[in-house]
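Note that full-length UniProt numbering gives residue 75 to position 75 of the sequence shown, counting from 1, and the numbers run on in steps of one. Ideal Cβ placement from N, Cα and C applies to all residues, glycine included.
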Amino acid sequence: MKIINSYYNLGEAFYKKQIPDKIKNPELLIFNQELARELNLGIDYNSPDLSNIFAGNKLLYNSKPISLAYAGHQFGYFIPRLGDGRAILLGEIKDKNNDLFDIQLKGSGRTFFSRNGDGKCPLDAAIREYIVSEAMYFLQIPTTRSLAIVKSSELIQRDNLTPASVITRVAKSHIRVGTFEYFASRGDIKNLKILADYTIKRHFPKYHHQCNKYLHLLRSVIKVQIELVTSWMSIGFIHGVMNTDNISICGQTLDYGPCAFMDEYESNKVFSFIDKNGRYSFGNQRNILLWNITKFAETILHFINSDIKKAIKIVEEELSQFLSIFDDVYYTKMANKLGISCVASKERDRTLVIDYLKILEKDKVDFTNGFRNLSKKLFQWTGDKGKNNTEYYWHKKWMQRLLEQKIDFKKITSNMNKVNPILIPRNHIVANIIKESVHNQDYRILKEFLEAIRSPVIEKKEYEKYYIPVKGDERIVNTFCGT
């Protein structure tokens, strides 16, 4: 494994050097061999050293471990210095396609940025991130990924004593909106420009030599973030903590702390225990993304135009289009879930989507199954008026819209099933997996589920138990950061 240190080479203003703590009695619980092959790690997958490597006990050749500096708006309040309080970047590697990826240890001990924390990662949080990030990957949602989980014999205090662990996270980078805010808030224009240039060269290289590259940077970040959040919402995902320090510049899902998937559809659903006012509710993710993008734009105004008044005018014009672009992307994805692939009437298709979501919410229908089961109704429609007039009239309009496409219903069914998963990491299932793994030290269900989520849109009899919506006291009402 050849480690590259391009972020390290930016200079010490960007990080603090940090050697990982030694982990007691490391046990390799999970190792993602498929991801390792994609990354071209070139290590012996059967080596007894793997547990020590992914615990941080044994540093890889040429690794220069660092904890990254960044700031962030948390629930709207600016914190000028946050940083990696329990994560250490080992460096970057190039995969088979010559793309650069960060290799980061999470839970490897205290850092300069730990404040009052112990720098450790409880095993339940590591398992949760591994499950959900891998599920997101196979659901084709841009995401960081998990390479390994190492369990320690050390017990750490959270609500109760719980095993410590280290999870190895793989990301296109860990540059955040909060990274830009860190330098902007200090008036450090020199390093802010270094960061902006590095970000463009690493993530948006086609703009690297253009004279208006910083405006293209803003546009690119807007584009990838809209693609990300509309993808979240199309599968009923609620991130739960969309602080600017959790917004990845390259458009990957970052930080799976209090995230959740909706059970019954509820437009303003909140799971996170600390989100008392619904700032990061399902339906508000669109508006919060605009808020976060605005904070990012503020950090690079000087680079877009040296005349600040002109820069503000340019940025305001870009941001004025945000909601319209977001809605176009979102409703296209949602129309696809209804089997509509040919754009005929934007407003008509949006109305179909909105009205169907209203039916789901009114009747308290499971979001995932409510869309998945629609394709079965293509062949069950008789035209008879049922007891639910609202649903009948919607169904009639939907069928008329599909017929206008002049596409075979079997093809429509196939298209719908590709974008309407039958399997997601339901909150109660993830909670049960964590219980079995952490409390009973039984990892069979974990391994089975990790295999199941590899095919989230293909119905398989052996995984039927994972398709069933939550019942009774299985329901997860609140989620927690888990740090």
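Given a threshold of 16 other Cβ atoms within 10 Å of its Cβ, counted over all protein chains shown, does C121 qualify as buried or as exposed?
So C121 counts as buried.
Around the C-beta of E134, are 16 or more other C-beta atoms found within 10 angstroms, so that it is buried, or is it exposed?
Per the 10 Å Cβ criterion, buried.
Please determine, among E34, L155, G178 and K151, the residue with the shortest C-alpha to C-alpha distance to I167.
Taking only the C-alpha atoms, the option nearest I167 is K151.
Could you name the residues of the same chain whose beta carbon sits closer than 6 angstroms to that of T179, not counting the 5 residues immediately before and after it, in chain order?
Correct list, in chain order: Y70.
Does S345 pass the burial test, meaning 16 or more other C-beta atoms within 10 Å, or should it be called exposed?
That one is exposed.
Between the Cα of R158 and those of A125, I79 and S281, spot the shortest distance and give me the residue it belongs to.
Measuring from the Cα of R158, the nearest candidate turns out to be A125.
Spell out a yes or no on whether the region 299-307 and the region 185-202 are touching, meaning 3 or more CB-CB pairs, one atom from each, closer than 8 angstroms.
Contact holds: three or more Cβ-Cβ distances are below 8 angstroms.
For F261, write down the residues that DSSP places opposite it in a beta bridge.
DSSP lists F237 as partners of F261.
Between D188, L218, K460 and S248, which has its C-alpha nearest T143's C-alpha?
Checking every option, the nearest Cα to that of T143 belongs to S248.
Which residue or residues does DSSP assign as beta-bridge partners of E27?
Looking at the DSSP assignment, E27 forms a beta bridge with K151.
Since E141 and S231 are thought to touch, with beta carbons under 8 angstroms apart, how far apart are those beta carbons, to the nearest angstrom?
Sequence inspection shows Ile at residue 141; the Glu mentioned does not correspond to that position. The Cβ separation is near 5 angstroms, so the contact holds.
Taking the alpha helix (DSSP H) that A164 belongs to, which residues open and close that run?
Run containing A164: none in the alpha helix (DSSP H); it sits in the beta strand (DSSP E), L161 to A171.
Could you name the residues that DSSP lists as bridge partners for Y15?
Looking at the DSSP assignment, Y15 forms a beta bridge with L68.
Please classify R219: does DSSP put it in a helix, a strand, or coil?
Of the three classes helix, strand and coil, the one that applies to R219 here is helix, per DSSP.
So, are the CB atoms of I359 and T390 less than 9 angstroms apart?
Cβ distance < 9 angstroms, so I359 and T390 count as in contact.
Can you give me the C-alpha to C-alpha distance between N62 and N415, rounded to a whole angstrom?
Taking the straight line from one Cα to the other gives about 47 angstroms.
What is the C-beta distance between I235 and I407, in whole angstroms, given that I count them as a contact (C-beta under 8 angstroms)?
Wrong, their Cβ atoms sit about 23 angstroms apart, outside the cutoff.
So who's on the other strand from D366, going by DSSP bridges?
D366 is bridged to E264.
Within this structure, are the beta carbons of G119 and G85 separated by less than 9 angstroms?
Yes, these two residues count as a Cβ contact at 9 angstroms.
Report back the beta-carbon spacing between V329 and E227 to the nearest angstrom; my notes put them in contact at under 8 angstroms.
Yes, they are in contact, since the Cβ atoms of V329 and E227 sit about 7 angstroms apart, within 8 angstroms.
Is the beta carbon of F113 less than 9 angstroms from the beta carbon of R454?
Cβ atoms of F113 and R454: not closer than 9 angstroms.
To the nearest angstrom, how far is it from the Cα of N160 to the Cα of V438?
Taking the straight line joining both Cα atoms gives about 12 angstroms.
Which complete beta strand (DSSP E) runs does the region 313-367 hold, if anything under 3 residues is left out?
For the region 313-367, not a single whole beta strand (DSSP E) run of length 3 or above is found.
Which whole runs of the alpha helix (DSSP H) in the region 422-466 are 4 residues long or more, in chain order?
Within the region 422-466, the complete alpha helix (DSSP H) runs of at least 4 residues are 427-434 and 444-452.
Out of curiosity, what's the CA-to-CA distance linking N9 and K223?
Cα to Cα, the separation comes out at about 28 angstroms.
How is P122 classed by DSSP in three states: helix, strand or coil?
DSSP places P122 in strand when its eight states are reduced to three.
So, at 6 angstroms on beta carbons, what are the nonlocal neighbours of L90 in its own chain, with the 5 sequence-adjacent residues on each side left out?
Cβ within range, chain order: S63, P65 and I103.
Leaving aside the five residues before and after L82 along the sequence, list all residues of the same chain whose C-beta is less than 7 angstroms from its C-beta, in chain order.
Y70, A71, G72, F113, G178 and D245, listed in sequence order.
Identify whether Q157 lies in helix, strand or coil by the three-state DSSP scheme.
Strand.
If the criterion is Cβ atoms closer than 9 angstroms, does the pair T479 and F273 meet it?
Cβ distance < 9 angstroms, so T479 and F273 count as in contact.
Hey, could you find the ends of the alpha helix (DSSP H) L402 is sitting in?
Run containing L402: N389 to E404, per the alpha helix (DSSP H) assignment.
Measuring straight from C-alpha to C-alpha, what distance separates V470 and L41?
The alpha-carbon atoms of V470 and L41 are separated by roughly 39 angstroms.
By the three-class DSSP mapping on this structure, what secondary structure does R176 have?
Strand.
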